[in-house]
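Enquirer:
Numbering (this note's numbering), first residue to last: 6 to 153.
(1) Can you check which of these residues, 69, 65, 36, 64, is closest to residue 52 by C-alpha distance?
(2) Taking the alpha carbon of residue 101 as the point to measure from, which residue in 149, 93, 28, 57 has its own alpha carbon closest?
(3) Would you say the segment 37-49 touches the segment 77-96, given that touching needs at least three Cβ pairs under 8 Å?
(4) Measuring straight from C-alpha to C-alpha, what distance separates residue 126 and residue 64?
(5) Where residue 76 and residue 50 are concerned, what is the direct C-alpha to C-alpha distance, given to the nearest angstrom?
(6) Any heavy atom of the ligand GDP closer than 8 Å to the beta-carbon of residue 50?
(7) Given this structure, state the Cα-to-Cα distance separating residue 141 from residue 129, to the nearest angstrom.
(8) Distance, Cα to Cα, residue 116 vs residue 71?
(9) Have a look at residue 81 and residue 143 and give me their C-alpha separation to the nearest angstrom.
(10) State the start and end residues of the unbroken alpha helix (DSSP H) segment that holds residue 12.
(11) Could you check if residue 59 is buried or exposed, using at least 16 other CB atoms within 10 Å of its CB as the buried criterion?
(12) Only counting runs of 3 or more residues, tell me where the beta strand (DSSP E) segments fall wholly within the segment 51-101, in order along the chain.
(13) Excluding the five sequence neighbours on either side, which residues of its own chain have a C-beta within less than 8 Å of the C-beta of residue 137, listed in chain order?
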């Protein structure tokens, strides 16, 4: 029995598939979604309850607290859609401005977008915490320094 004559090898190798630019940055989208939910909870649940408490104080509220109360009312009257749109934009814009292809897919690299989101949230939540606690501090100060 004789072997068939050798044939030319088949070309199985194909060019390496190129990765497409992502439409959204999924980790950043998750971070923005979490932040939007946290902001919504604070503006719709925490601030209105605090506002009811502040009404019983009978003192002038600090400017930061008044601004927070006005912002909360704005969001409750439909402005929350604007806040959610602002949180939805970074995961869509970041992949468009990020260099493509990434320098090294196995290594994590610095993401300016994540840093900016973190700094923004730090100041935003810091403002909300400060605005919610300043009236309590002012009330305690007024009570403790009252004339006897």
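Backbone N, C-alpha and C define an ideal beta-carbon position, used for all residues, glycine too.
Here the structure is a predicted model, which means the values were calculated and not measured.
Expert: Let me spell this out:
(1) Along the chain shown, one-based indexing puts residue 52 at 47. Minimum Cα distance to residue 52 is reached at 69.
(2) If you number the chain shown from 1, residue 101 lands on position 96. The candidate whose alpha carbon is nearest that of residue 101 is 28.
(3) yes
(4) Against the chain shown, residue 126 aligns to sequence position 121. Against the chain shown, residue 64 aligns to sequence position 59. The straight-line gap from Cα to Cα measures roughly 30 Å.
(5) The count along the chain shown starts at 1 and reaches residue 76 at position 71. The count along the chain shown starts at 1 and reaches residue 50 at position 45. When rounded, the distance between both Cα atoms is 13 Å.
(6) Among the components modelled here there is no ligand, and therefore nothing to report on the ligand GDP.
(7) For the purposes of this step, residue 141 is taken as the residue at position 136 of the chain shown. For the purposes of this step, residue 129 is taken as the residue at position 124 of the chain shown. Looking at the two C-alpha atoms, the distance is approximately 20 Å.
(8) As a first step, residue 116 is located in the chain shown; it is residue number 111 there, counting from the start. As a first step, residue 71 is located in the chain shown; it is residue number 66 there, counting from the start. In a straight line, the C-alpha of residue 116 is about 35 Å away from that of residue 71.
(9) As a position in the chain shown, residue 81 is number 76, starting the count at 1. As a position in the chain shown, residue 143 is number 138, starting the count at 1. For residue 81 and residue 143, the distance between alpha carbons rounds to 27 Å.
(10) Start at 1 with the first residue of the chain shown, and residue 12 comes out as number 7. Run containing residue 12: none; DSSP gives neither H nor E here.
(11) For the purposes of this step, residue 59 is taken as residue 54 along the chain shown, with counting starting at 1. Classification for residue 59: buried.
(12) none
(13) Residue numbering aside, residue 137 sits at position 132 when the chain shown is read from its first letter. Closer than 8 Å at Cβ, skipping near neighbours: 51, 52, 55, 70, 73.
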